[in-house]
Structure formats: structure tokens, C-alpha cells
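> Quick one: this structure, given as C-alpha cells, is what I'll be asking you about.
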Amino acid sequence: MATSRYFTSSILSRWARSTVPLRHYASRATGKLVGPDPNSTNLAEAVKILRAYEVGRPHSPIEMHIQCFHERHLSPIRGSCFLPRSVQDEAKVLVFAEGQLATEATEAGAAVVGGAEMLPLIVEGKIEFDKCLSTIDMLPTVAKIARFLGPKGLMPTKNKGTVTNDIANAVKFSRATFDYRMDKNGIVRCVIARAGFSLDEIKENIHIVMSDIRTHAPKTKKAFIGTTYLSTPRGPGVWVNDI
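Residue numbers (my numbering): 1154 to 1396.
Structure below.
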């Protein structure tokens, strides 16, 4: 027990410098980066630091914050991907469908399936759901509440694959996928792991998400992703330099 307390105290004291304002580490002669910023650290060390703040709490979320250099006039990026180690319960999926397709959606695990009768219930907040799908024929019906669903990122569209008649596979995919989106400041925030995950599991999850985010990078922009931080509910924001 004493060894454990010493280890935790040692890590936290070493990271006390994280309260110092971050700065770029550059050569005065050239003004160019000459190495990792002294206020940043590698992923393995970052995980040790954050775990020290979450001792006895293996389910505490580890959140990743990614600064992206995204043109403001473009729509914020968003995406979905499968994580090797899931960090969330399966999503609650609502489906607009009728007839045989409604039956298929229910059998695939959709939480709520219906038609126009759901519109007022959705607007009034009487139906809870995480994701929304629609068959092609039902899209005009869903469009009636587009102003309600759109700002929440829930409006089904063909581009996202959430408007389809292959509704069974769409439901299965939506229940298991990990979603992320960029805020107005160009930052993607997402829970990437739990404190109890192994380092390899955390690395794999980060790799999948970062690879997917990089697919949104403009071909003309070489540096698309800036600084990346990891944090936990009780820990600091740790700048990671090898992601």
C-alpha cells in the first residue's frame, strides 16, 4: 500500500508542471521546432499520470481532445468508426419505417420503430434515442422535424448512410459505432477509453479514431491536426506528443 501511495504521489508531483502555461519549444536561431515541447509527454506516460488520478476507478473515462486546423467556412467534420475496445453501451436507435422494413428494424435491435405518429413525441422529448435512421419512403415524413433533429446531429441523410432500405444492417452498424464531431472551435472531443483499459487497447482505439479524422484533411493542407490532449474527470489535461 505504501509503495502504491509513493508511486501515485511521484507521478502527480512530476506532473505538477502541467499547470505552467504551455508554450512552443523552438530554437531561437531558427524559430523552428527542435523537439517535443517540454510540457508534453508520450502516450504511455500520459496514461500513467491519468490513472494515478483515477485509482480505484477503472471505469473512469479517458477523453481525447484533438485540435484540427479546419477552415471556418467549411462544415464541421463528423464521422463514425468501430473501436476495437468499445467504451460505451450500444446506442439506442430510433427508426422511421413501416411494414416489412419496420419488422426488420425491430429484429435487428432498434429501440423504437414507427412512423408519423412519433413526430410530436420526439419534439416533446417523450422518446429518448441516440441515433435516428429512416427508410427511403419515410424521409419526407422525417423532414418535417428536420429543424429539431438537425442541430442535434440526428437528422438522417443518404450521405451518412442513415437513410436506407437496408435497414437491418444500418441498425446493427449504428448500435455499435463510435461517433465523433468537431465543435465550432475546430476541436474534436471524444471518450476514447476507460482508465482500466490496457495501454495497447488505448493505443488501438486512438489509432482508429485519428486515422478516421485524418481522412477529412484537405489535400492542400499539410498540417491538419495540431495538439492532442488526454484527460480524465479528476486529472489534468495532458499534452501527448506521439499520437
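Cβ coordinates follow ideal geometry from the N, Cα and C atoms, glycine included.
Just so you know, these numbers come straight off a predicted model, no measurement behind them.
Please work out which residues of its chain come closer than 8 Å, Cβ to Cβ, to residue 1321, disregarding the five sequence neighbours upstream and downstream, and give them in chain order.
1257, 1258, 1260 and 1261
> In the DSSP assignment, what residue or residues form a beta bridge with residue 1267?
1249
> Which residues in the same chain have their Cβ closer than 6 Å to the Cβ of residue 1204, if we skip the five residues on either side of it in sequence?
1348
> Considering Cα atoms alone, identify which of 1194, 1248, 1214 and 1215 is closest to residue 1327.
1248
> Following the continuous alpha helix (DSSP H) through residue 1205, name the residue where it begins and the one where it ends.
Counting along the chain, the alpha helix (DSSP H) containing residue 1205 begins and ends at 1196-1206.
> If you compare alpha carbons, which of 1365, 1191 and 1318 is closest to residue 1234?
1365
> Can you check whether the CB of residue 1207 is closer than 9 Å to the CB of residue 1385?
yes
> Rounded to whole angstroms, what's the CA-CA distance from residue 1442 to residue 1195? Just pull it up for me.
An answer regarding residue 1442 cannot be provided, because it is not within the stretch 1154 to 1396 covered by the chain.
> Apart from the five residues on each side of it in sequence, which residues of its chain come closer than 7 Å, Cβ to Cβ, to residue 1210?
Contacts found: 1348.
> At 3 residues or longer, what runs of the beta strand (DSSP E) sit wholly inside the stretch 1253-1325?
1265-1267 and 1284-1287
> So, helix, strand or coil for residue 1367, using DSSP?
helix
> Check the DSSP bridge columns for residue 1218 and list the partner residues they point to.
As computed with DSSP, residue 1218 is found in a beta bridge with 1342 and 1382.
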